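*Asks:* Following this message is one structure expressed as structure tokens.
In this note's numbering, the protein residues as written are 10 to 207.
Shown next, in the form of structure tokens:
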């Protein structure tokens with residue numbers, strides 16, 4: 010197995026990694042979607058689903074992979090059943106270096122979740138999707154983590170890139186209204202690549 014600089018520290022995470030990812034994912038600003046549902050109409054009129062992603066590492070060497078947590082939470086106390094997804098872009102549209110974010114291995118949810126997690130490549134971006142039940146005011150999380158043989162990586166063709174991520178949240182209903190609140194991680198890719206700071 011070939012390792013990259015900095016990868017050894019994250020190659021074999023202990024049990025604390027999932028706990029760390031679980032706790033950190035809501036410590037950052039989130040992407041918000043307001044979703045009108047029949048159940049919500051009887052109470053507040055709107056159910057609010059928030060989504061976020063949390064990369065374990067924000068600096069990646071060439072070929073290095075890392076873990077990520079994806080989370081959604083319903084904050085208005087209204088149960089939701091359906092599909093929600095987060096489309097993660099590894100870079101800005103104005104960047105001259107093209108970055109492609111991809112995932113590998115299984116995405117694993119919490120032990121008590123009845124829903125299904127999945128991901129799909131959409132050009133240079135990664136869409137992570139949860140389909141199933143979400144209890145009102147209770148969060149759900151999916152993990153791409155080395156302890157499960159999974160993770161994410163970003164390919165820049167070997168060229169150093171410091172940029173910000175972007176993401177969009179969607180739901181499977183025409184009654185959804187997207188709020189443009191977004192949190193952009195500042196990431197450094199190919200930290201040992203062409204053009205990297207000395």
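Ideal Cβ placement from N, Cα and C applies to all residues, glycine included. If you're wondering where the values come from, they're calculated on a predicted model, not measured in any experiment.
Which ranges does the beta strand (DSSP E) cover as unbroken runs of at least 3 residues, wholly within the stretch 65–144, from first to last along the chain?
*Replies:* Listed in chain order, the complete beta strand (DSSP E) runs (minimum 3 residues) inside the stretch 65–144 are 77–83, 89–98, 109–113, 125–131 and 134–143.
*Asks:* Suppose the cutoff is 7 angstroms on Cβ atoms and the five residues either side in sequence are ignored; what does the same chain contact list for residue 167 look like?
*Replies:* Your numbering for residue 167 matches position 158 in the chain shown. The residues are 71, 199, 202 and 203.
*Asks:* How far does the beta strand (DSSP E) with residue 193 in it reach, from first residue to last?
*Replies:* Residue mapping note: residue 193 aligns to position 184 of the chain shown, counting from 1. Here residue 193 belongs to no beta strand (DSSP E), and DSSP marks it neither H nor E.
*Asks:* What is the DSSP secondary structure of residue 169, reduced to helix, strand or coil?
*Replies:* Within the chain shown, numbered from 1, the residue matching residue 169 stands at position 160. The answer is coil: DSSP assigns residue 169 none of H, G, I, E or B.
*Asks:* Restricting to Cα atoms, I'd like to know which of 130, 129, 104 and 99 is closest to residue 64.
*Replies:* What you label residue 64 is simply residue 55 of the chain shown in a count that begins at 1. With distances taken between Cα atoms, residue 64 lies closest to 99.
*Asks:* Skipping 5 residues on each side, what residues in its chain have a beta carbon closer than 8 angstroms to that of residue 134?
*Replies:* Position 125 of the chain shown holds residue 134. Contacts found: 96, 97, 98, 99 and 110.
*Asks:* On the criterion of 16 or more Cβ atoms from any shown chain inside 10 Å, does residue 90 qualify as buried, or is it exposed?
*Replies:* Looking up residue 90 in the chain shown gives position 81. Exposed.
*Asks:* On a Cα-Cα basis, can you pick out the residue from 123, 82, 172 and 160 that is closest to residue 60?
*Replies:* In the chain shown, residue 60 corresponds to position 51, counting from 1. Ranking 123, 82, 172 and 160 by Cα distance to residue 60 puts 82 first.
*Asks:* Excluding five sequence neighbours on each side, which residues of the same chain lie with their C-beta closer than 8 angstroms to the C-beta of residue 161?
*Replies:* Locating residue 161 in the chain shown gives position 152, counting from the first residue. The residues are 64, 74, 75, 76, 77, 110, 111, 112, 113, 135 and 153.
*Asks:* Buried or exposed: which applies to residue 7, given that a residue is buried once 16 or more other Cβ atoms fall within 10 Å of its Cβ?
*Replies:* The chain is shown only over 10 to 207; residue 7 falls outside these bounds and no answer can be derived.
*Asks:* Return the residue from the list 122, 106, 124 and 140 that minimises the CA-CA distance to residue 205.
*Replies:* Within the chain shown, numbered from 1, the residue matching residue 205 stands at position 196. The candidate whose alpha carbon is nearest that of residue 205 is 106.
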